[in-house]
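Have a look at the structure below before the remarks.
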Amino acid sequence: MASNPLSSPHAASAQDAVSTPLLRCFIDGAWVETARTFDNINPVNGRLISRVCEADRDTVNAAISAANRAAKGGWRGTSVTERAALLHRIADGIEQRFDDFVAAEVADTGRPVHQARTLDVARGIANFRTFADLIKTASSEMFESTAPDGAKILNYVVRKPLGTIGIISPWNLPLLLLTWKVAPALAMGNCVVAKPSEETPSSATLLAEVIQAAGLPNGVFNLIHGFGPDSAGQFLSTSPHIDAITFTGESRTGSTIMKAAAEGVKEVSFELGGKNAAVVFADADFDAAVAGVLRSSFTNSGQVCLCSERVYVERSIFDRFVAALKDRTEQLRIDFPQAEGVDMGPLVSHAHRDKVLSYYRLAREEGAIIVTGGGVPVFGDERDQGAYAQPTIITGLSDTARCTREEIFGPICHIAPFDTEDEVIARVNDSPYGLAACVWTTHLSRAHRVAAQFETGIVWVNTWFTRDLRTPFGGTKLSGMGREGGRYSMDFYSEISNICIRL
Ligand SMILES: O=C(O)C(=O)/C=C/C=C/O
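Numbering (full-length UniProt numbering), first residue to last: 1 to 503.
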């Protein structure tokens, strides 16, 4: 693994190399220490990685003021070409420090190195390049009409920056989701105050270093570390001096942020929780469906908002499918991040593992059959001080059980048989969430018919988590509000005006 990402110039200096690196906030082009710090723990072994500067209210307000100043300064007047070039330079910077970003994501989350390489950091680069290219090719709408008196009328739409965007990003895909918001926000000429999760400060800190090195004007990008309630997240989302908030995380936090945004009628974009379903019809490619459900249930230790926690399998293949999925699940390699062939690492923290294990206990209390897993793997080494949990398959619960209705956000899925298309569609839609669904079938018209009836923002057919960054991404019901991706991001991160001219 390449140099430790925390050996950046902003980590501890040489003379106290033995002490723990300190991750600072980045405000108005400068690195800022704060009075209070919190610990960043490696979930593989429970060891301290770094201390992190917690932004208090004054620090958050300083970051917002810096962004406000920059928003009124030259940044909003930069050309699309200039902004696109800067975004590509940021992408270049991530590429040049690729191994540092991989090490940062792995240190904070314990995820497999190959996942950090092929998903997290690769998407960090792609997010900047996608929006850099999009703004260079995007068109605006224009309408020609004739007034009653015969005069020619021209209407055209312009997109202007919103101003200062508050970005609150989660710990499950730290760099991917932070850059998924920062890239379009900057591309559309806004300034940003970003608060990553307290669980995963490292890659966000590296991003600030890369953005600084890329030469973005001071105040255009600001990074603050901290927690949610009574901390940086709350101070940011309740400030009257930000113009919009974009948040990915738990639905109840989204609701709290929305209440704060209501005060100032702020625009919000939320990608929240889910209780996603995977539906396997008897006519599916059996092996592909087993492999696909394995991935959609256990990728990133089940810590992806798109993961399948509910699996419905047509009754005629149910027993065979459960046996096959059990077999494949028990072959998953749960190991150190850098281990050869590792499939799954720990959960992001001991606290989150406790939550997931409480659902493993609840499943038993609700009468579930534990097909496999249901506990904690024993390694006999430092991983036993980590936050590992067994990948788990349960069955036998009703659709009203808490384990089949509440988001667990861990390596667990409940699998149930179904008999008819109408039945399974009704069961998939019987959820307070509506983010994503998967359908496995080789029957083309059925795929379209079923997918069109799911009350979700996203449906994958014979695949999962396949992403075209130009498509709308987001959920319905408790899973969120708004869509980001492609022009949907351009619209959210813009103030859209219509200009009407009588020629
Ligand atoms: O792939 C994306 O752009 C995205 O937003 C993924 C979100 C996953 C959340 O857990």
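Where is the CB? At the ideal position from N, CA and C, for every residue including glycine.
Note that the structure is predicted; figures quoted are calculated from it, not measured.
Open item on the list: Counting only beta-carbon separations shorter than 8 Å, does R487 have a partner in chain B?
Closed with: Of the protein chains in this structure there is only one, and it is not chain B.
Open item on the list: Suppose the cutoff is 6 Å on Cβ atoms and the five residues either side in sequence are ignored; what does the same chain contact list for R76 look like?
Closed with: P161, G189
TODO: Using beta-carbon positions only, say whether A426 and V439 come within less than 8 Å of one another.
DONE: no
Open item on the list: Distance check for M490 and M344, CA to CA, integer angstroms please.
Closed with: 35 Å
Task: Where the alpha helix (DSSP H) through M490 begins and ends - done: 486-492
TODO: Check whether the Cβ of W460 lies closer than 7 Å to any heavy atom of ligand 1, and answer yes or no.
DONE: The answer is no for W460.
Task: Outcome for K477 when other beta-carbon atoms lying within 10 angstroms are tallied against a minimum of 16 - done: buried
Open item on the list: Counting C-beta neighbours from all protein chains within 10 Å, is the total for Q15 16 or more, i.e. buried, or is it exposed?
Closed with: At Q15 the pLDDT is 39, less than 50, meaning the model places this residue with poor confidence; the figure from the coordinates comes in the next sentence. With a 10 Å radius around the Cβ and a threshold of 16 neighbouring Cβ atoms, Q15 comes out exposed.
- [ ] Alpha carbon to alpha carbon, how far is L22 from E141? Give it in angstroms, no decimals.
- [x] Cα-Cα distance, rounded: 48 Å.
- [ ] Starting from the C-beta of R123, find all residues in its chain whose C-beta is less than 6 Å away, skip the five residues before and the five after it, and write them out in chain order.
- [x] Apart from sequence neighbours up to five positions away, the residues of its chain that approach R123 with a beta-carbon distance below 6 Å are L176, ordered along the chain.
Open item on the list: I need the DSSP call for W75, collapsed to helix, strand or coil.
Closed with: helix
Open item on the list: My output table needs one value for Y360: the three-state DSSP class, helix, strand or coil.
Closed with: helix
Open item on the list: Less than 6 Å between C-beta atoms, sequence neighbours within five positions excluded: which residues of the same chain meet that for R180?
Closed with: Note on residue identity: the sequence assigns Trp, not Arg, to residue 180. Non-local beta-carbon contacts of W180 in its own chain, meaning distances under 6 Å to residues more than five positions away in sequence, involve N127 in chain order.
Task: Residue span of the beta strand (DSSP E) that contains H225, given as start and end - done: Taken as a continuous stretch (DSSP letters only), H225 belongs to no beta strand (DSSP E), as it is neither H nor E.
Task: Strand pairing of V158, partner residues [DSSP] - done: S497
Open item on the list: With DSSP as the reference, identify every bridge partner of M142, one or two as the case may be.
Closed with: Y156
Task: Cross-strand partners of R310 (DSSP beta bridge) - done: A277, H414
Task: R467 (DSSP reduced to helix, strand or coil) - done: coil
TODO: Tell me whether T404 sits in a helix, a strand or coil according to DSSP, three-state version.
DONE: helix
Open item on the list: So, with DSSP's three-state summary, where would you put N4?
Closed with: Model confidence at N4 stands at a pLDDT of 40, short of 50, so the residue's coordinates are unreliable and nothing is read from them.
TODO: Give a single yes or no on whether N172 has its beta carbon closer than 7 Å to a heavy atom of ligand 1.
DONE: With a cutoff of 7 Å, N172 counts as near ligand 1, since its C-beta is closer than that to a heavy atom of the ligand.
Open item on the list: Let me confirm a value: D100 is counted as buried when at least 16 other C-beta atoms fall within 10 Å, else exposed. Which label applies?
Closed with: buried
Task: Exposed unless 16 or more other CB atoms sit within 10 angstroms - verdict on E271 - done: E271 is buried by the Cβ-count criterion.
Task: Classification of S8 by the beta-carbon crowding that lies within 10 angstroms, buried from 16 upward - done: Because S8 sits at a pLDDT of 45, beneath the cut-off of 50, its placement in the model cannot be relied upon, and the point is left open.
TODO: Return yes when the Cβ of L236 is within less than 8 Å of the Cβ of I224, no when it is not.
DONE: yes
Task: L178 and R83 closer than 8 Å at C-beta - done: no
Open item on the list: Using CA atoms only, rank isn't needed, just tell me which of P112, G410, R57 is closest to E340.
Closed with: P112
Task: Short Cβ contact (8 Å threshold) for residue 508 with Q234 - done: Summary: the structure shown does not reach residue 508, with the chain confined to residues 1 through 503, and so no result is reported for it.
Open item on the list: Spatial neighbours of A11 within its chain, please: C-beta separation below 6 Å, excluding the five flanking residues on both sides.
Closed with: For A11, the pLDDT reaches just 40, beneath the cut-off of 50, and the residue's location in the model is therefore unreliable, although a value from the coordinates is still provided. Within the same chain, A11 has close Cβ partners P21.
Open item on the list: Tell me the DSSP secondary structure of I242 in three-state form.
Closed with: Secondary structure of I242 (DSSP, three-state): coil.
- [ ] Run the proximity test for F473: is its beta-carbon closer than 7 Å to any non-hydrogen atom belonging to ligand 1?
- [x] Checking the Cβ of F473 against ligand 1 gives yes.
- [ ] On a CA-only basis, which of I135, V348, Y433 is nearest A107? Give me that one, please.
- [x] V348
Open item on the list: Taking 8 Å as the threshold (C-beta atoms), are L173 and D120 in contact?
Closed with: yes
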